[in-house]
Amino acid sequence: MMISFKQLKHFSLHATDDDIGGCKDILFDDQDFIMRYLVADTNTWLPLSRKVVISPIAVTKVDTDEKKIHVSMSAQTLKDSPSIDEHKPVSREYEETLFKYFGYGYYWIGPGAWGDFAHPTELADADREAAMQEDNALHSQNHLRACGEVNGYDVATTEDEVGHVTDFIFDDTSWALRLLVIDTRNWLPGGKHLAVLPSAIEHIDWSSHKVKVNLSHDALMEKPEIDVDQLDDENYINQILQQAE
């Protein structure tokens, strides 16, 4: 099933024994285009609102009816997890510390977006130490960016600027970023919400707040319109994905 960033921001997070707040943001990988972390809103349960991140490895269920995300850890375990600075990028060294704390295998060791595995939950029981002996890429650069930051960036085609990023659509099993939603209303009166594949993204320019795509103006405007209220309709989503190619 598909779910959007804007939807997830209204979901609550539930540990095995307690409510742990809501989803504040999502950190995605701008190279593999996959969600790496949910950022928890800690205002209601953690002193000083310390930033806490949760890997999809820990997600056991996404309940769209109740708008809840269930994770396989206790509230205390999450409270005791390594802290992170709200205003600094997530480093590979921090990720190593975090994954050691939870006992996860490293997603950056192996050929796929989740290392040697197809789904993130499989990393919960992975043999991390054995994998490290086979691969020296532990301290390779990561590519983590926040949806909350990129949301609103202008979109630049090969010819001009058309609209801005307004949402992100994720697969709630693999947590791959499947579609970027472009709002053209600030460029075209009565504009559209267009669905674009991540493969169309050429570069995300953090300094100019722009997402550059390898599409012409006309090619972008021919992408399908998307209705996020139909994300739970598999036939609809498959149709949109085909049209976006």
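The letter at position 245 of the sequence shown is residue 244 when you use numbering that gives the first Met the number 0, and the numbering goes up by one with no holes.
Each residue gets a CB set at the ideal place from its N, CA and C atoms; glycine is no exception.
(1) Under 8 Å: do the stretch 10 to 26 and the stretch 66 to 75 share three or more Cβ pairs, one atom per stretch?
(2) Give the secondary structure of Leu214 by DSSP, where H, G and I count as helix, E and B as strand, and everything else as coil.
(3) Who are the near neighbours of Ile236 in its chain, counting only those whose CB is closer than 6 Å to its CB and skipping five residues on each side?
(4) With respect to 8 Å, is the separation between the Cβ of Glu224 and the closest non-hydrogen atom of the ligand FAD below this value?
(5) Would you mind giving the Cβ-Cβ distance between Tyr152 and Val210, rounded to the nearest angstrom? I have them listed as a contact below 8 Å.
(6) The beta strand (DSSP E) with Val70 in it runs from where to where?
(7) Counting C-beta neighbours from all protein chains within 10 Å, is the total for Tyr100 16 or more, i.e. buried, or is it exposed?
(8) For Asn237, does the three-state DSSP call read helix, strand or coil?
(9) Would you kindly work out how many angstroms separate the C-alpha atoms of Val244 and Ile200, rounded to a whole number?
(10) Which residue or residues does DSSP assign as beta-bridge partners of Gly21?
(11) Count the other CB atoms within 10 Å of the CB of Glu94; is the residue buried (16 or more) or exposed (fewer)?
(12) Determine which residues share a DSSP beta bridge with Asp204 and list them.
Considering the structure as presented:
(1) yes
(2) Leu214 falls in the coil class under three-state DSSP.
(3) Met1
(4) As far as ligands go, the structure on display features none, and thus does not contain the ligand FAD.
(5) Rounded to the nearest angstrom, the Cβ distance from Tyr152 to Val210 is 5 Å, consistent with a contact under 8 Å.
(6) Note, Val70: beta strand (DSSP E), Lys67 to Val70.
(7) exposed
(8) helix
(9) Note that residue 244 is Glu in the sequence shown here, rather than Val. For Glu244 and Ile200, the distance between alpha carbons rounds to 13 Å.
(10) Ser11 and Asp40
(11) buried
(12) Lys209
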